[in-house]
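Q: Per our numbering: the sequence shown = residues -17 to 303. One structure follows; several queries about it will come next.
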Amino acid sequence: MFLSQLKAGGIICRQGEAARLVPGFETTYDLAKAAIAAGTTVAALIEKQGAGDSVDLLALAAEGKLDCPVRHPDPAHMYLTGTGLTHTGSASARDNMHADTAGMSDSMKMFRMGLEGGKPKPGETGVQPEWFYKGNGFNAVAPGEDLVSPSFALDGGEEPEMAGYYIIGEDGTAHRLGFSVANEFSDHVTEKINYLFLAHSKLRPASFGPELRVGALPDHVEGTSRIIRGGKTVWEKPFLSGEANMSHTIANLEYHHFKYALFCQPGDLHVHMYGTATLSVADGFVTEEGDVFEIVSPQFGLPLRNRLAKAAAETVKVKML
-17 MFLSQLKAGG
-7 IICRQGEAAR
3 LVPGFETTYD
13 LAKAAIAAGT
23 TVAALIEKQG
33 AGDSVDLLAL
43 AAEGKLDCPV
53 RHPDPAHMYL
63 TGTGLTHTGS
73 ASARDNMHAD
83 TAGMSDSMKM
93 FRMGLEGGKP
103 KPGETGVQPE
113 WFYKGNGFNA
123 VAPGEDLVSP
133 SFALDGGEEP
143 EMAGYYIIGE
153 DGTAHRLGFS
163 VANEFSDHVT
173 EKINYLFLAH
183 SKLRPASFGP
193 ELRVGALPDH
203 VEGTSRIIRG
213 GKTVWEKPFL
223 SGEANMSHTI
233 ANLEYHHFKY
243 ALFCQPGDLH
253 VHMYGTATLS
263 VADGFVTEEG
273 DVFEIVSPQF
283 GLPLRNRLAK
293 AAAETVKVKM
303 L
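This is the structure we're talking about:
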């Protein structure tokens, strides 16, 4: 089962080739909250609502009418976060960025910690991963919209990832809706200057969708990340995800995020990205304004496409009250 959110309001449920509106709900967020309140699953609630009108999902996507799969009505209550160095193979690209450090880099040390303790036995707590704050709902970009790189950025590069969606219930419990592909857009040149610039490199937009896969993340995920320039593919590489290709379990990443009371406030929406091992910058590729990022995994429905744009320079003003 796949869910899509219409910008104008309305939820689309796709099963196989059949895509239909979900009666009785305008947003995936409200649907999920209703399922939590009823003590049921999203899939069961959709089945209870019955089949709505059929829609042409491909046409709606082509017309730019699909939004991120889930949004919070108040963007300030939508957290965008992520974890890095979680995939087998992810350390090599990162380590190369910080290879001038004496001995083993901090990136490689953290990656090895994950290999050794990121998949704990039941009842045990695994090692905590690298964690970063991406922003809030104002930074969540819909499929087809531009990913805007700040004027002060030194790079605008893609990161193909899986993202999990969570809504916090009234008792503080995190409820996972499902997963989608994501582009965790970052400034890798700034990050390369010094690893302590990681936070600066992450605080910018990210894109999600178009479809949310309801249920568990497959153990093995395959996809392709490509960059299109002037209608031609100028860089392309496969990427892998799922726990079979990760040094951490999803449960361990979830524990180390939701162990903080701050992230367990009722009604909040969390979109958490789990990391990647595939980056065009690792191959020395330099993106240009107008490039189109395409991230696709057949297991997660329609492809995610966004064009790279650059923001105009702005003056930062601070006034004394």
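We put the CB at the ideal spot given by N, CA and C, even for glycine.
Can you tell which of Val24, Leu67, Gly6 has the C-alpha that lies nearest to the C-alpha of Met(-17)?
A: Here residue -17 refers to the residue found at position 1 when the sequence shown is read from its first residue. Ranking Val24, Leu67, Gly6 by Cα distance to Met(-17) puts Val24 first.
Q: How big is the Cα-Cα spacing for Met86 and Phe93?
A: On the sequence shown, residue 86 is found 104 positions in, with the first residue counted as 1. On the sequence shown, residue 93 is found 111 positions in, with the first residue counted as 1. For Met86 and Phe93, the distance between alpha carbons rounds to 11 Å.
Q: Between the stretch 227 to 243 and the stretch 35 to 45, do at least 3 Cβ pairs fall closer than 8 Å?
A: Segments in contact, no.
Q: Measure the alpha-carbon distance for Val253 versus Ala145 and round it to whole angstroms.
A: In the sequence shown, residue 253 corresponds to position 271, counting from 1. In the sequence shown, residue 145 corresponds to position 163, counting from 1. If I take the Cα positions, the gap works out to 6 Å.
Q: Provide the residue span of the beta strand (DSSP E) that contains Tyr115, from first to last.
A: For the purposes of this step, residue 115 is taken as the residue at position 133 of the sequence shown. Looking at the DSSP string, the run of the beta strand (DSSP E) that includes Tyr115 is 112 to 118.
Q: According to DSSP, Leu222 sits in a beta bridge with which residue or residues?
A: The count along the sequence shown starts at 1 and reaches residue 222 at position 240. DSSP lists Glu204 as partners of Leu222.
Q: Just to confirm my understanding: we take Asp49, look at its own chain, exclude 5 residues before and 5 after, and list those with CB closer than 6 Å. What are they?
A: Taking the first residue of the sequence shown as 1, we reach residue 49 at position 67. The residues are Gln(-13), Lys(-11), Ala124.
Q: DSSP three-state label for Asn176, please.
A: Working through the sequence shown from its first residue, we reach residue 176 at position 194. Correct three-state label for Asn176: coil.
Q: Which runs of the beta strand (DSSP E) at least 3 residues long sit entirely within the stretch 273 to 297? Give them in chain order.
A: Complete beta strand (DSSP E) runs here, min 3: 274 to 278, 286 to 292.
Q: Please work out which residues of its chain come closer than 8 Å, Cβ to Cβ, to Thr215, disregarding the five sequence neighbours upstream and downstream, and give them in chain order.
A: If you number the sequence shown from 1, residue 215 lands on position 233. Within the same chain, Thr215 has close Cβ partners Arg208, Ile209.
Q: Name the two residues that bound the continuous beta strand (DSSP E) containing Met255.
A: Here residue 255 is taken as the residue at index 273 of the sequence shown, counted from 1. 251 to 255 is the span of the beta strand (DSSP E), which, as asked, contains Met255.
Q: Thr83: buried (16+ other C-beta within 10 angstroms of its C-beta) or exposed?
A: Within the sequence shown, residue 83 is the residue found at index 101, counting from 1. Since pLDDT at Thr83 reaches only 48, below the 50 mark, its modelled position is unreliable, and the value read off the structure follows with that caveat. Exposed.
Q: Among Asn227, Val130, Ala156, whose alpha-carbon lies nearest the alpha-carbon of Thr306?
A: No information on residue 306 is available, as it lies outside the stretch -17 to 303 that the chain covers here.
Q: Considering Cα atoms alone, identify which of Lys15, Ser229, Gln281 is closest to Val163.
A: To locate residue 163, count along the sequence shown from 1; it is residue 181. Minimum Cα distance to Val163 is reached at Gln281.
Q: Tell me whether His54 is buried or exposed, calling it buried when 16 or more other Cβ atoms sit within 10 Å of its Cβ.
A: Here residue 54 is taken as the residue at index 72 of the sequence shown, counted from 1. Buried, since its Cβ has 16 or more Cβ neighbours within 10 Å.
Q: Using only the alpha-carbon positions, how far apart do Ala122 and Pro187 sit?
A: Start at 1 with the first residue of the sequence shown, and residue 122 comes out as number 140. Start at 1 with the first residue of the sequence shown, and residue 187 comes out as number 205. Those two C-alpha atoms are separated by around 6 Å.
Q: Are Leu3 and Asp35 touching if we call contact CB-CB under 8 Å?
A: Taking the sequence shown and counting its residues from 1, one reaches residue 3 at position 21. Taking the sequence shown and counting its residues from 1, one reaches residue 35 at position 53. Yes, Cβ-Cβ distance for Leu3 and Asp35 is below 8 Å.
Q: How is Gln(-3) classed by DSSP in three states: helix, strand or coil?
A: Against the sequence shown, residue -3 aligns to sequence position 15. Residue state, collapsed to three classes: strand.
Q: Are the CB atoms of Leu251 and Ile149 nearer to each other than 8 Å?
A: For the purposes of this step, residue 251 is identified with residue 269 of the sequence shown, where counting begins at 1. For the purposes of this step, residue 149 is identified with residue 167 of the sequence shown, where counting begins at 1. Taking 8 Å as the Cβ cut-off, Leu251 and Ile149 qualify as a contacting pair.
Q: So which of Gly119, Pro104, Gly108, Ser89 has the shortest CA-CA distance to Thr63?
A: Walking along the sequence shown from the start, residue 63 turns up at place 81. Of the listed residues, the one whose Cα sits closest to Thr63 is Gly119.
Q: Are there 16 or more other CB atoms within 10 angstroms of the CB of Met302, so buried, or fewer, so exposed?
A: Here residue 302 corresponds to residue number 320 of the sequence shown, with the count starting at 1. By the 10 Å Cβ count, Met302 comes out exposed.
Q: Mapping DSSP to helix, strand and coil, what is Thr83?
A: To locate residue 83, count along the sequence shown from 1; it is residue 101. Confidence in Thr83 is poor, its pLDDT being 48 and thus under 50, which makes the residue's placement unreliable; the coordinate value appears in the next sentence. Reduced to three states, the DSSP call for Thr83 is coil.
Q: By how many angstroms is the C-alpha of Ala243 removed from the C-alpha of Asp153?
A: What you label residue 153 is simply residue 171 of the sequence shown in a count that begins at 1. What you label residue 243 is simply residue 261 of the sequence shown in a count that begins at 1. Cα to Cα, the separation comes out at about 12 Å.
Q: Along the chain, where does the beta strand (DSSP E) containing Gly197 start, and where does it finish?
A: The sequence position of residue 197 within the sequence shown is 215, counting from 1. Run containing Gly197: none; DSSP gives neither H nor E here.
Q: If you reduce the DSSP assignment to three classes, tell me which class Gly139 lands in.
A: Position 157 of the sequence shown, counted from the first residue, corresponds to residue 139. Note: Gly139 maps to strand in three-state DSSP.
Q: Closest to His59 by CA distance: which of Ala295, Thr258, Met255, Gly249 is it?
A: For the purposes of this step, residue 59 is taken as the residue at position 77 of the sequence shown. Closest option to His59, Cα to Cα, is Gly249.
Q: Whole angstroms is fine: what's the gap from Phe167's alpha carbon to Glu(-1)'s?
A: Indexing the sequence shown from 1 puts residue 167 at position 185. Indexing the sequence shown from 1 puts residue -1 at position 17. Near 31 Å, if we compare the C-alpha coordinates of Glu(-1) and Phe167.
Q: Go ahead and pull the three-state DSSP assignment for Thr258.
A: Position 276 of the sequence shown holds residue 258. If DSSP states are grouped into helix, strand and coil, Thr258 belongs with coil.
Q: Let's see if you can read the secondary structure: which residues bound the beta strand (DSSP E) around Ala188?
A: Indexing the sequence shown from 1 puts residue 188 at position 206. Run containing Ala188: 188 to 190, per the beta strand (DSSP E) assignment.
Q: Taking Cβ to Cβ, would you say Ala291 is nearer than 8 Å to Leu129?
A: Here residue 291 corresponds to residue number 309 of the sequence shown, with the count starting at 1. Here residue 129 corresponds to residue number 147 of the sequence shown, with the count starting at 1. Yes, the pair counts as a contact, with Cβ atoms nearer than the cut-off.
Q: Can the beta-carbon of Ile277 be found closer than 8 Å to that of Leu286?
A: Numbered from its first residue, the sequence shown carries residue 277 at position 295. Numbered from its first residue, the sequence shown carries residue 286 at position 304. Taking 8 Å as the Cβ cut-off, Ile277 and Leu286 qualify as a contacting pair.
Q: What's the C-alpha gap between Phe221 and Val300?
A: As a first step, residue 221 must be located in the sequence shown, where it is residue number 239. As a first step, residue 300 must be located in the sequence shown, where it is residue number 318. Cα-Cα distance, rounded: 43 Å.
Q: Which whole-angstrom value describes the C-beta separation of Ser189 and His170, a residue pair presumed to lie in contact below a C-beta threshold of 8 Å?
A: Here the question's residue 189 lines up with position 207 in the sequence shown. Here the question's residue 170 lines up with position 188 in the sequence shown. Actually they are not in contact, since the Cβ atoms of Ser189 and His170 sit about 17 Å apart, beyond 8 Å.
Q: Going by the beta-carbon positions, is the gap between Phe353 and Ile(-6) smaller than 8 Å?
A: The structure shown does not extend to residue 353, since the chain spans only -17 to 303, so no value can be given for it.
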